[in-house]
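Engineer: So the sequence shown is residues 6 to 419, counted in our numbering.
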Amino acid sequence: MRIVLGVSGGIAAYKACLLLRRLSEQGHEVTVIPTEAALRFVGEPTWAALSGRPVQHDVWTSVHEVPHVRLGQSADLVIVAPATADLIAKAAHGLADDLLTNTLLTTQAPVVIAPAMHTEMWQHAATQANVATLRDRGLHVMDPASGRLTGSDTGPGRLAEPEDIEAFALAAVQESLGAGGASASSALDLAGTRVLVSAGGTREPLDPVRYLGNRSSGKQGHALAEDASRRGAQVTLVTTTDRPAPTGADVVGVETALEMRDAVLSRAADHDIVVMVAAVADFRPKARVDSKIKKTIGQDDAPTIELVRNPDILAELVQQRGEARFPILVGFAAETGDRDGGVLDHARAKLIRKGCDLLVANEVGDGVTFGQDTSTVHLLRLAHPDEVQTIGPADKDVVARAVWDVAVEMHSWS
Ligand SMILES: Cc1cc2nc3c(=O)[nH]c(=O)nc-3n(C[C@H](O)[C@H](O)[C@H](O)COP(=O)(O)O)c2cc1C
Numbered sequence: 006m007r008i009v010l011g012v013s014g015g016i017a018a019y020k021a022c023l024l025l026r027r028l029s030e031q032g033h034e035v036t037v038i039p040t041e042a043a044l045r046f047v048g049e050p051t052w053a054a055l056s057g058r059p060v061q062h063d064v065w066t067s068v069h070e071v072p073h074v075r076l077g078q079s080a081d082l083v084i085v086a087p088a089t090a091d092l093i094a095k096a097a098h099g100l101a102d103d104l105l106t107n108t109l110l111t112t113q114a115p116v117v118i119a120p121a122m123h124t125e126m127w128q129h130a131a132t133q134a135n136v137a138t139l140r141d142r143g144l145h146v147m148d149p150a151s152g153r154l155t156g157s158d159t160g161p162g163r164l165a166e167p168e169d170i171e172a173f174a175l176a177a178v179q180e181s182l183g184a185g186g187a188s189a190s191s192a193l194d195l196a197g198t199r200v201l202v203s204a205g206g207t208r209e210p211l212d213p214v215r216y217l218g219n220r221s222s223g224k225q226g227h228a229l230a231e232d233a234s235r236r237g238a239q240v241t242l243v244t245t246t247d248r249p250a251p252t253g254a255d256v257v258g259v260e261t262a263l264e265m266r267d268a269v270l271s272r273a274a275d276h277d278i279v280v281m282v283a284a285v286a287d288f289r290p291k292a293r294v295d296s297k298i299k300k301t302i303g304q305d306d307a308p309t310i311e312l313v314r315n316p317d318i319l320a321e322l323v324q325q326r327g328e329a330r331f332p333i334l335v336g337f338a339a340e341t342g343d344r345d346g347g348v349l350d351h352a353r354a355k356l357i358r359k360g361c362d363l364l365v366a367n368e369v370g371d372g373v374t375f376g377q378d379t380s381t382v383h384l385l386r387l388a389h390p391d392e393v394q395t396i397g398p399a400d401k402d403v404v405a406r407a408v409w410d411v412a413v414e415m416h417s418w419s
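1. Would you mind giving the Cβ-Cβ distance between residue 382 and residue 397, rounded to the nearest angstrom? I have them listed as a contact below 8 Å.
2. For residue 385, report the span of its beta strand (DSSP E) as first-last.
3. Cα separation between residue 188 and residue 417?
4. Below 8 Å on the Cβ atoms is my guess for residue 229 versus residue 12; work out the distance and round it to an integer in Å.
5. Using CA coordinates, which residue listed in 336, 344 and 358 is at the minimum distance from residue 412?
6. Does the distance from the C-beta atom of residue 241 to that of residue 232 stay below 7 Å?
7. Which partner residues of residue 107 appear in the DSSP bridge assignment?
8. Residue 290 and residue 312 look like a contact to me (Cβ under 8 Å); what is the Cβ gap, rounded to whole Å?
9. Given 6 Å as the limit, tell me if residue 92 has its C-beta closer than that to any heavy atom belonging to ligand 1.
10. Classify residue 77: buried if its beta carbon has 16 or more other beta carbons within 10 angstroms, exposed otherwise.
11. Report yes or no: do the segment 143-155 and the segment 115-122 share at least 3 C-beta pairs separated by less than 8 Å?
12. Residue 164 and residue 17: beta carbons closer than 7 Å?
13. On the three-state DSSP scale, how would you describe residue 19?
14. Using the three-state DSSP reduction, which class does residue 400 fall into: helix, strand or coil?
15. In terms of alpha-carbon separation, which member of 355, 61 and 171 lies closest to residue 41?
16. So, helix, strand or coil for residue 258, using DSSP?
17. By the three-class DSSP mapping on this structure, what secondary structure does residue 415 have?
18. With 16 other CB atoms within 10 Å as the buried threshold, where does residue 206 fall?
19. What three-state label does DSSP hand residue 199 in the structure shown?
20. Sort out for me which residues DSSP pairs residue 360 with in a bridge.
21. Within the present structure, is the beta-carbon of residue 18 separated from the nearest heavy atom of ligand 1 by less than 6 Å?
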């Protein structure tokens, strides 16, 4: 997930370092936004080093990226820990005088507030009214813990422990997914997981205007990316299409099989699960002509196009990971039955030949699967090639969920 961690100016800012560390170690991409006061307690280098990301705290830096809007819009979750009485008051009243308060006004993501302050400040009618306002608006405000405060005081007002904030935040995300009508399988079972999905059909150029292509629309790949993101994964989407990508995904645009190969092979080892959905051309024109191939007036001859084989990316992925069996590899195969065997026979042979962990065999034909919203797929696992799980005809979102259900199960065993 893309998480914004807002830190406001209380002594407990040091505890946010531990929270940041926990979230980063689980694979979340955490951007820290400290307030000016927070930076008096813990400096920018600490936040930058622990998050591995640049730290911004005002709206006047990198203005071309419009950070006061972008960070909130692209977040899957915003946590403010510690939240001072001042920050809570500003949020309740919609003030926006720094980057963190701007972010709180622009985000659509669940917002978790973990207050920390002296007991008197926490119990003050103003703070309690502000907390009630935020809760009424749907923000998830934790109760502070009770215990030793700064100095010799004890009482309610202590920042909750990092692990409790984390658990509270994940529950808030799950609740928001439920409210959005997501299915039961949309639990955050991919949280902390990095997945790479390839999508679309490659285009192999003949000349500057023509290409050899295929009918893949990218719908299935983008549906997989979307569901993975919903389930908490950090998604890399290598795609040939400009279909919408999930918020927070790292989108790599490619066109040809060779570009797709480079993009996937160079990134695969940084991911836990790689799903190759893209329809990669088996062949490409041997040469790309620099100027448009002309028809010669008065001659009936058409040019002959010599083709060469493209690399088999899935086979190379299997080879690249070697004995390590990491990442988990999922292949998609478009299959039709013929006189040598049915769809399942061909799929089983391909699974064993390629050596990926899961093969999703798509039944294709005229008007079936490519470009459509529905498809029928057969899921075959290398560990049990004789067992088949058939899904469909079903919406591609349903297929995506079924594929992740199996991949998650495999990941939990690995
Ligand atoms: C040593 C020290 C500790 C503080 N601790 C807290 C605290 O735990 N909670 C709080 O609400 N304010 C605390 N304050 C006051 C805030 O720093 C102050 O209200 C500040 O304006 C908050 O700014 P911010 O909300 O923009 O981060 C503390 C101030 C100092 C000097």
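We treat Cβ as the ideally placed atom computed from N, Cα and C, and that holds for glycine.
Since the structure is predicted, the reported quantities are computational estimates derived from the model, not experimental observations.
Structural biologist: Short version:
1. 6 Å
2. 379-386
3. Residue placement at residue 188 is flagged as unreliable, the pLDDT there being 38, under the threshold of 50; the coordinate-derived value follows with that caveat. Cα to Cα, the separation comes out at about 20 Å.
4. About 35 Å separates the two Cβ atoms, so there is no contact after all.
5. 336
6. no
7. BP columns for residue 107 are empty, so no partner.
8. 6 Å
9. yes
10. buried
11. yes
12. yes
13. helix
14. strand
15. 61
16. strand
17. helix
18. buried
19. strand
20. None, per the DSSP bridge assignment.
21. no
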